[in-house]
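Peer 1: Using mature numbering (1 follows the signal peptide of the UniProt record, and there is no 0), the letters of the sequence shown map in sequence onto residues -17 to -1, 1 to 195.
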Amino acid sequence: MLAILVYTSTLLMLVSSCRRSPPRELPVRMVATFNASYSGQIFVHADGNLLTVRGSPPRELPVRMVATFNASYSGQIFVHADGNLLTVRGQISGLPNSSTLGVHVHQYGDLGNGCLNAGGHYNPRGVTHGGPDTASRHPGDFGNVRTDGMGVANFDLTIRNSGLTKNDELLGLAVVVHAGQDDLGQGGNAGSLATGNSGARLTCAVLGVARP
């Protein structure tokens, strides 16, 4: 009888304790890790009705692209896109000697038909043509490059307001070198506002992902 009383008393104490303090769900801490084109982490902490979110918003990674020119014109142009900052470096040989030539990114990556299949200038927002530093410009308006007496053009261009919405926006498109000088949209006619009156297309190459 004594053992039964002790057991009953203990059971009553347990039941009473459960009524006073119901089991509490433990907080949960979660993390979202962004990879590929974006990097960063967001931490989410859930504790009942309380939810906290910490961390930095995912940042788009820079993209380094390369356009390789072949046949009678040879060389490479490297394009590095990081937000609004766009840099263009590289060299092309075999071009007309001592000339000023317009260079632009066009809307397609099709190099056929003497580069004509590349279409017009890449112009996703429907604005007028310009130069690297003008207020109105296409994202791929690289302005002019000057060749030396041997027909070699060295590219060293920094654009601080590229107008790109994504770092990989120019991937797969064609870089076209023209036969004439780009008037940077200042020629006072429709051709100037569309292409800078840069003339025929000498050579072109597709922008691809560069090796690290």
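Just so it is clear, CB atoms sit at the ideal spot from N, CA and C, and this is done for glycine as well.
Remember, it's a predicted structure, so these values are computed and weren't measured experimentally.
Terminal residues of the continuous alpha helix (DSSP H) containing Ala177?
Peer 2: Its alpha helix (DSSP H) spans residues Ala173 to Thr178.
Peer 1: When we look at the beta-carbon of Val11 and count the other beta-carbons within 10 Å, is it buried (16 or more) or exposed?
Peer 2: Classification of Val11: exposed, given that the 10 Å Cβ count is below 16.
Peer 1: Following the continuous beta strand (DSSP E) through Arg184, name the residue where it begins and the one where it ends.
Peer 2: From DSSP, the beta strand (DSSP E) with Arg184 extends over Arg184 to Val192.
Peer 1: Compute the Euclidean distance between the alpha carbons of Ile(-14) and Pro6, then round it to the nearest angstrom.
Peer 2: In this prediction, Ile(-14) has a pLDDT of 40, which is less than 50 and means its spatial position is unreliable; what the coordinates show is noted afterwards. Taking the straight line from one Cα to the other gives about 28 angstroms.
Peer 1: Using the beta-carbon count (16 or more within 10 Å), is Pro79 buried or exposed?
Peer 2: Pro79 is exposed by the Cβ-count criterion.
Peer 1: How is the beta strand (DSSP E) around Asn144 delimited, first residue to last?
Peer 2: Segment: none, Asn144 is in no beta strand (DSSP E) and carries neither H nor E.
Peer 1: Report the start-end ranges of each alpha helix (DSSP H) in the region 70 to 134 that is 4 residues or longer and not cut off at the edges.
Peer 2: For the region 70 to 134, not a single whole alpha helix (DSSP H) run of length 4 or above is found.
Peer 1: Comparing C-alpha positions only, which one of Ala183, Leu167 and Thr141 sits nearest to Arg72?
Peer 2: Minimum Cα distance to Arg72 is reached at Thr141.
Peer 1: Pop quiz: Leu44 and Thr117 are said to be a contact at Cβ under 8 angstroms. What is the actual Cβ separation, rounded to whole angstroms?
Peer 2: Not confirmed; about 28 angstroms, so no contact.
Peer 1: Report the CB separation of Gly123 from His87 in whole angstroms; it is logged as a contact under 8 angstroms.
Peer 2: Yes, they are in contact, since the Cβ atoms of Gly123 and His87 sit about 5 angstroms apart, within 8 angstroms.
Peer 1: Between which two residues does the beta strand (DSSP E) carrying Ser57 extend?
Peer 2: Per DSSP, Ser57 belongs to the beta strand (DSSP E) from Ser57 to Asp65.
Peer 1: Using 8 angstroms for Cβ pairs, my map puts Arg120 next to Gly113. What's the rounded Cβ distance?
Peer 2: Yes, they are in contact, since the Cβ atoms of Arg120 and Gly113 sit about 3 angstroms apart, within 8 angstroms.
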